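Below: the structure, in structure tokens.
Number of protein chains: 2
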Amino acid sequence: MARTADVVAAIKDMILAGELSAGDRLPTEKDLGAQLGVSRGPLREGVSALAAMGVLDTRQGDGTYVTSLEPGVLMAPLSFVVDVHNAGGARPYLAVRRVLECEAAALAAMNIDADGLAAAERALAESEAAAQSPADIDRFFSADLGFHRAVAAGAGNPVLAALIATLSGRTARARLVRTIVDEGALGRTVAEHRAVLQAIAAHDPERARLRMDVHLAGVEDFLQAPPSVVL
Amino acid sequence: MARTADVVAAIKDMILAGELSAGDRLPTEKDLGAQLGVSRGPLREGVSALAAMGVLDTRQGDGTYVTSLEPGVLMAPLSFVVDVHNAGGARPYLAVRRVLECEAAALAAMNIDADGLAAAERALAESEAAAQSPADIDRFFSADLGFHRAVAAGAGNPVLAALIATLSGRTARARLVRTIVDEGALGRTVAEHRAVLQAIAAHDPERARLRMDVHLAGVEDFLQAPPSVVL
DNA sequence: AGCCTTCTATTCGTTTGATCTTTCTGACTG
DNA sequence: CAGTCAGAAAGATCAAACGAATAGAAGGCT
Numbered sequence: 000m001a002r003t004a005d006v007v008a009a010i011k012d013m014i015l016a017g018e019l020s021a022g023d024r025l026p027t028e029k030d031l032g033a034q035l036g037v038s039r040g041p042l043r044e045g046v047s048a049l050a051a052m053g054v055l056d057t058r059q060g061d062g063t064y065v066t067s068l069e070p071g072v073l074m075a076p077l078s079f080v081v082d083v084h085n086a087g088g089a090r091p092y093l094a095v096r097r098v099l100e101c102e103a104a105a106l107a108a109m110n111i112d113a114d115g116l117a118a119a120e121r122a123l124a125e126s127e128a129a130a131q132s133p134a135d136i137d138r139f140f141s142a143d144l145g146f147h148r149a150v151a152a153g154a155g156n157p158v159l160a161a162l163i164a165t166l167s168g169r170t171a172r173a174r175l176v177r178t179i180v181d182e183g184a185l186g187r188t189v190a191e192h193r194a195v196l197q198a199i200a201a202h203d204p205e206r207a208r209l210r211m212d213v214h215l216a217g218v219e220d221f222l223q224a225p226p227s228v229v230l
Numbered sequence: 000m001a002r003t004a005d006v007v008a009a010i011k012d013m014i015l016a017g018e019l020s021a022g023d024r025l026p027t028e029k030d031l032g033a034q035l036g037v038s039r040g041p042l043r044e045g046v047s048a049l050a051a052m053g054v055l056d057t058r059q060g061d062g063t064y065v066t067s068l069e070p071g072v073l074m075a076p077l078s079f080v081v082d083v084h085n086a087g088g089a090r091p092y093l094a095v096r097r098v099l100e101c102e103a104a105a106l107a108a109m110n111i112d113a114d115g116l117a118a119a120e121r122a123l124a125e126s127e128a129a130a131q132s133p134a135d136i137d138r139f140f141s142a143d144l145g146f147h148r149a150v151a152a153g154a155g156n157p158v159l160a161a162l163i164a165t166l167s168g169r170t171a172r173a174r175l176v177r178t179i180v181d182e183g184a185l186g187r188t189v190a191e192h193r194a195v196l197q198a199i200a201a202h203d204p205e206r207a208r209l210r211m212d213v214h215l216a217g218v219e220d221f222l223q224a225p226p227s228v229v230l
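Chains as they are written, first to last, in numbering that gives the first Met the number 0: chain A, 0 to 230; chain B, 0 to 230.
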């Protein structure tokens with residue numbers, strides 16, 4: 000008799016059955032509550048849960064709508080999961096990320112278009128510039144993130160890109176970048192990125208995969224055996 | 000001024016800051032509401048959202064608790080995402096699944112223990128038996144799912160296993176199995192599974208990866224170019 | 001003494017009604 | 001025809017009350 004769970008299940012089913020599609024507007028709270036046989040409290044709890052998961056979008060004074068349901072939108076809440084485990088054992092996440100990013104690099108070498116290549120090039124140039132002055136850690140951080148996302152986007156698989164983006168949450172990535180900076184390995188990171196991009200630009204999947212693997216394995220080494228970093 | 004969003008963010012922060020850990024009990028709704036400055040309505044909406052995401056667990060008459068926060072629990076809600084896209088373009092999901100399952104097979108060949116090997120063996124034997132009689136489609140379906148999960152578990156990476164389990168949601172998998180049955184390829188599927196398991200038992204990572212790749216590529220072919228299946 | 005039953009306080013679950021804020025729509029006016 | 005403003009509609013919030021389930025304490029039975 001979990002009313003809230005019923006509401007969530009009912010709305011899910013409506014979407015899965017095609018009664019509700021992306022962009023559609025739901026009935027008003029009053030009507031939907033009557034239709035499902037629950038009062039506004041539990042109904043709002045269910046709608047709120049789906050909104051937090053990125054499935055629904057409520058706008059005061061307007062109504063409640065089904066979102067675009069794109070993988071990127073629906074996976075965004077997962078970044079919280081990554082953040083939770085980031086403090087403790089982050090290695091399993093890194094291992095998965097490595098697998099996915101290597102695949103993305105290989106796919107990007109085959110599928111990336113001129114625009115995507117230019118975007119990756121811009122991000123790389125930006126990170127190169129930011130690596131010059133130690134004060135620009137934040138800039139480097141953003142550019143680094145942008146490069147990896149550009150590669151993931153170039154693979155042409157939105158699910159793959161969404162997963163990579165999720166696994167490289169801001170918190171997790173910030174920790175990585177901090178470690179890299181502490182190790183004075185900014186230059187090496189940029190060089191490895193350039194190697195990856197060259198392979199992608201040359202449309203050489205296996206080389207792109209290998210170079211991304213080398214890059215991420217190096218990053219993992221930093222994190223797994225930090226010689227000087229205590230925190 | 001989105002009260003509900005504030006509640007979600009506040010509880011998240013409490014967990015990230017370590018004020019709340021796995022298994023901890025939250026203050027009562029009345030107290031927590033007062034602490035956050037919201038009334039019971041919005042508070043319950045926020046708690047409900049986190050409960051739907053697998054972060055919190057509320058028990059009537061007892062209280063609200065933080066879940067184990069394990070990757071498997073927190074990623075379960077994502078199966079809905081897969082189901083939503085299953086009807087339309089499922090190929091991106093299959094492509095990602097292939098990458099992850101191949102990696103899992105290779106890792107399992109290196110890391111699996113005797114118990115895990117026995118579990119995979121049992122699932123395989125079960126599916127083999129179920130493949131004999133066409134009436135046991137459901138049994139075959141469950142055993143097939145069990146085999147893939149056993150391999151994923153044998154890899155020893157909970158994040159990897161959780162992602163694979165999520166991407167092989169019941170709905171998505173049911174569709175695959177139906178197609179395979181229609182094609183009369185049950186025997187071939189079992190044989191491919193056995194080949195994968197042999198490579199894992201022999202602790203040969205590359206062979207395990209290759210054989211899993213062959214298996215999943217074959218499955219993908221079924222789905223991408225169904226000669227006779229309309230639905 | 002130990003175990004089982006029962007009772008009670010606590011806590012979440014649901015309902016209802018009222019009020020506030022935001023947004024959209026359409027009529028009105030220059 | 002365009003801009004403005006008032007009203008309607010919808011979600012957001014608060015508040016009070018009652019129902020249901022659980023845990024733990026109290027009491028009685030063996």
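Idealized CB from N, CA, C, for every residue including glycine. As the structure is a prediction and not an experimental result, all values here were calculated from the model.
CA-CA distance, residue i and residue j?
i                   : j                : result
phenylalanine 146/A : methionine 211/A : 12 angstroms
alanine 108/A       : glycine 45/B     : 43 angstroms
histidine 84/A      : alanine 164/B    : 19 angstroms
aspartate 135/B     : alanine 216/B    : 25 angstroms
valine 228/B        : isoleucine 179/B : Since pLDDT at valine 228/B reaches only 38, below the 50 mark, its modelled position is unreliable, and the value read off the structure follows with that caveat. Using only the alpha carbons, I get a separation of about 10 angstroms.
proline 225/B       : valine 81/B      : Because proline 225/B carries a pLDDT of 47, less than 50, the predicted location of this residue cannot be relied on, and the following value inherits that uncertainty. Cα-Cα distance, rounded: 21 angstroms.
valine 189/B        : glutamate 127/B  : 6 angstroms
serine 78/A         : valine 150/A     : 19 angstroms
aspartate 56/A      : serine 67/A      : 10 angstroms
leucine 123/A       : alanine 194/A    : 11 angstroms
arginine 174/B      : leucine 185/B    : 14 angstroms
alanine 9/B         : lysine 29/A      : 29 angstroms
aspartate 23/A      : tyrosine 64/A    : 6 angstroms
leucine 49/B        : alanine 89/B     : 28 angstroms
glutamate 69/A      : isoleucine 14/A  : 14 angstroms
aspartate 220/B     : alanine 113/A    : 30 angstroms
valine 98/A         : serine 38/B      : 46 angstroms
glutamine 34/B      : leucine 42/B     : 11 angstroms
alanine 104/A       : histidine 192/A  : 11 angstroms
arginine 172/A      : leucine 162/A    : 14 angstroms
lysine 11/A         : lysine 11/B      : 25 angstroms
leucine 106/B       : glycine 153/B    : 8 angstroms
I need the DSSP call for residue i, collapsed to helix, strand or coil.
i                : result
leucine 68/A     : coil
threonine 3/B    : helix
glycine 36/B     : coil
glycine 168/B    : coil
threonine 63/A   : strand
isoleucine 179/A : helix
serine 47/A      : helix
alanine 184/A    : coil
valine 228/B     : Below a pLDDT of 50, predicted positions are generally treated as unreliable, and valine 228/B, at 38, falls in that range; no measurement from the model is reported.
methionine 74/A  : helix
methionine 211/B : helix
methionine 13/B  : helix
Could you please give the first and the last residue of the uninterrupted alpha helix (DSSP H) stretch that includes residue i?
i               : result
aspartate 203/B : From DSSP, aspartate 203/B is part of no alpha helix (DSSP H); its letter is neither H nor E.
arginine 58/A   : From DSSP, arginine 58/A is part of no alpha helix (DSSP H) but of the beta strand (DSSP E) over 55-58.
serine 20/A     : Note, serine 20/A: premise wrong, no alpha helix (DSSP H); not H, not E.
proline 91/B    : 90-110
asparagine 85/A : 78-85
serine 141/A    : 136-153
alanine 128/B   : 113-129
Use the C-beta contact count for residue i: other C-beta atoms within 10 angstroms, 16 or more gives buried, fewer gives exposed.
i                : result
glycine 62/B     : exposed
alanine 118/B    : buried
alanine 142/A    : buried
glutamate 18/A   : exposed
arginine 96/B    : buried
histidine 214/B  : buried
alanine 160/B    : buried
proline 26/B     : exposed
serine 132/A     : exposed
isoleucine 199/B : buried
alanine 1/B      : exposed
Contact set between the segment 95-117 of chain B and chain A, restricted to residues whose Cβ is under 8 angstroms from the partner:
For the segment 95-117 of chain B, which is checked against every Cβ of chain A, the residues closer than 8 angstroms are Val95, Val98, Leu99 and Glu102.
According to a CB-to-CB cut-off of less than 8 angstroms, which residues of the segment 40-63 of chain A neighbour chain B?
Result list: Gly40, Arg43, Glu44, Gly45, Ser47, Ala48, Leu49, Ala50, Ala51, Met52 and Val54.
Short of 7 angstroms Cβ to Cβ, which residues in the segment 11-24 of chain B face chain A?
Lys11, Ile14 and Leu15: these are the residues of the segment 11-24 of chain B whose beta carbon lies less than 7 angstroms from some beta carbon of chain A, given in chain order.
Residues of the segment 186-212 of chain B with a CB closer than 8 angstroms to any CB of chain A: list them in chain order, please.
Those would be none; no residue qualifies.
Compile a chain-ordered list of the residues in the segment 130-149 of chain A whose CB is closer than 8 angstroms to at least one CB of chain B.
Here the close residues number zero.
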